[in-house]
Amino acid sequence: MYKKLGNTVLKTGENMEVGMIDVPDEPHAEEIKKFLGHKPGNYKWHIERCVTESLDALETRFYVGKIDGNVITNIMTVEHEGIGILGHVFTLPDQRRKGACKGAMAYQMEDFRQRDGRALYLGTGYGGHPYHIYHSFGFESVFTESGFMKYHVNTDFEERYFSPAPAKPKSVEWHDWAKLTALSAIVGWDALRSLTWNVFGPTNLEGGFLGFKHALETDDAYDDAKLLVTESGAIVGWATVCRDSQWRNAVAILDLFFHPNFTDSIPELLSALKFPQLKVQCYVDSSAEKKAAVLEAAGFACEGRFKNQFTYNGQDYDVLVFGSTS
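Residue numbers in the sequence shown follow the numbering used here, run continuously in steps of one, and reach 443 at the last position.
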């Protein structure tokens with residue numbers, strides 16, 4: 118469904134109509150696919166699917182600016198329960214420097230707030246022109262000098278969203294996309310968050326989730342994957358199990374990350390996983406004391422320690438290897 122949001126006058130004096138396409142929407146499917154046809158790989162996979170089919174409870178919206186009925190700029194959001202990712206910001210090359218993106222984004226951000234949105238995340242180059250555009254709309258770096266940016270409608274969002282509450286395991290669904298990024302955005306916690314996804318420290322999972330979801334749907338790369346969700350719908354932990362190709366798939370890797378307020382719920386998350394009848398290893402950075410304790414309580418034993426295995430944010434980390442034989 119297309120909904121006109123308003124009009125804005127560009128720097129050239131041209132009038133641009135701004136509207137929102139709430140997908141799936143067959144009448145606008147080809148228009149969206151053509152305009153964003155340059156998007157690669159799994160980004161294109163999501164676009165081509167979302168315009169014609171519902172993807173669990175994921176909400177995908179395309180905010181477009183039009184001149185004389187033709188789309189010249191686009192901003193996409195993917196959301197669930199007020200948590201979203203903003204991406205696919207693109208203006209046709211011959212329509213740039215007119216203020217089209219800022220004009221469309223003003224309507225997009227207001228629409229997000231009017232729909233009781235709570236948090237948006239995006240990724241861009243730190244300090245570049247797009248960074249400053251996003252900053253002008255209230256986005257800020259997740260951590261110092263980072264292009265991973267966040268916008269919280271209320272400043273106490275994280276405190277309230279991740280407040281202690283009962284939590285239980287669940288399977289991975291499309292609408293977990295942005296909520297996983299909200300979890301991966303927390304600072305001051307484990308540095309090594311997922312070896313399989315190459316996630317070290319706060320990370321935008323806009324692309325990472327798509328690769329993960331595509332693998333879950335199209336091949337058998339993962340033995341299992343579960344998320345930890347609170348009664349209010351917050352994703353507060355993830356656990357994945359897949360084969361380690363370095364050892365000819367004879368060993369499995371457990372990746373585990375969770376918010377510290379939910380440490381007591383992690384045993385239930387681990388119990389919900391289906392482990393293969395193989396040796397399972399989990400790599401833990403030397404600062405992740407709670408993670409190490411949870412693994413030991415679950416029957417994993419520390420098998421070794423790699424000294425100064427990686428550096429993150431100027432700090433050297435050892436990596437402990439915890440193993441368990443099913």
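Ideal Cβ positions, reconstructed from N, Cα and C, are used throughout, including at glycine.
query                                                                                                                                                             : result
Quick one: measure Cβ to Cβ for residue 174 and residue 292, integer angstroms, because I've assumed they're closer than 8 Å.                                     : 4 Å
With distance defined between alpha-carbon atoms, name the residue in 325, 333 and 359 nearest to residue 340.                                                    : 359
How would you write the range of the beta strand (DSSP E) that residue 347 sits in, first residue to last?                                                        : 339 to 347
Name the one or two DSSP bridge partners that residue 215 has.                                                                                                    : According to DSSP, which records beta bridges pairwise, residue 215 is partnered with nothing at all.
Per the contact definition of three or more C-beta pairs closer than 8 Å, is the stretch 389 to 396 in contact with the stretch 349 to 366?                       : yes
Less than 6 Å between C-beta atoms, sequence neighbours within five positions excluded: which residues of the same chain meet that for residue 328?               : 159
Mind checking whether residue 295 and residue 200 have CB atoms under 8 Å apart?                                                                                  : yes
Cβ atoms of residue 415 and residue 377: under 8 Å apart, would you say?                                                                                          : no
Could you round the C-beta distance between residue 180 and residue 223 to whole angstroms and report it? I think they count as a contact, below 8 Å.             : Not really, about 10 Å apart at Cβ, beyond 8 Å.
Residues in the same chain with beta-carbon distance under 7 Å from residue 308, minus the five sequence neighbours each way, listed in chain order, please.      : 317, 318, 402, 404, 429 and 434
Who does residue 119 pair with in a DSSP beta bridge?                                                                                                             : 138
Please confirm whether residue 204 and residue 239 have their CB atoms less than 8 Å apart.                                                                       : yes
With DSSP run on the structure shown, which of helix, strand or coil describes residue 288?                                                                       : coil
Where does residue 432 land, buried or exposed, given buried means 16+ other C-beta within 10 angstroms?                                                          : exposed
I want to know whether the stretch 251 to 259 touches the stretch 135 to 152 - three or more CB-CB distances under 8 Å.                                           : no
On the three-state DSSP scale, how would you describe residue 252?                                                                                                : helix
For residue 262, report the span of its beta strand (DSSP E) as first-last.                                                                                       : Where residue 262 is concerned, there is no enclosing beta strand (DSSP E), given that its DSSP letter is neither H nor E.
Let me know the secondary structure DSSP gives residue 293 once reduced to three states.                                                                          : helix
What do you reckon, are the CB atoms on residue 368 and residue 400 nearer than 8 Å?                                                                              : no
Can the beta-carbon of residue 313 be found closer than 8 Å to that of residue 370?                                                                               : yes
Give me the residue from 207, 226, 274 and 331 with the minimum Cα distance to residue 166.                                                                       : 331
Under the three-state reduction of DSSP, which class applies to residue 381: helix, strand or coil?                                                               : helix
How far does the beta strand (DSSP E) with residue 369 in it extend, from its first residue to its last?                                                          : 368 to 375
DSSP on residue 417, reduced to helix/strand/coil?                                                                                                                : coil
In the DSSP assignment, what are the bridge partners of residue 133?                                                                                              : 125
Counting only runs of 3+ residues fully inside the stretch 166 to 214, write out the beta strand (DSSP E) ranges in chain order.                                  : 176 to 184, 187 to 197 and 200 to 208
Under the DSSP definition of a beta bridge, which residues are partnered with residue 277?                                                                        : Answer by DSSP bridge pairing: none, since residue 277 is not bridged.
Looking only at C-alpha atoms, which of 322, 348 and 337 sits nearest to residue 278?                                                                             : 348
According to the Cβ coordinates, are residue 135 and residue 122 closer than 8 Å?                                                                                 : yes
Beta-carbon within less than 6 Å of residue 310's beta-carbon, same chain only, minus the 5 sequence neighbours each way: which residues are those?               : 316 and 374
On the three-state DSSP scale, how would you describe residue 407?                                                                                                : helix
When you compare only the Cα positions, how much space is there between residue 298 and residue 284?                                                              : 18 Å
Kindly give me the distance between the Cβ atoms of residue 184 and residue 133, rounded to whole angstroms, as I take these residues to be in contact under 8 Å. : 6 Å
By the 10 Å Cβ neighbour count, where 16 or more other Cβ atoms means buried, how is residue 118 classified, buried or exposed?                                   : exposed
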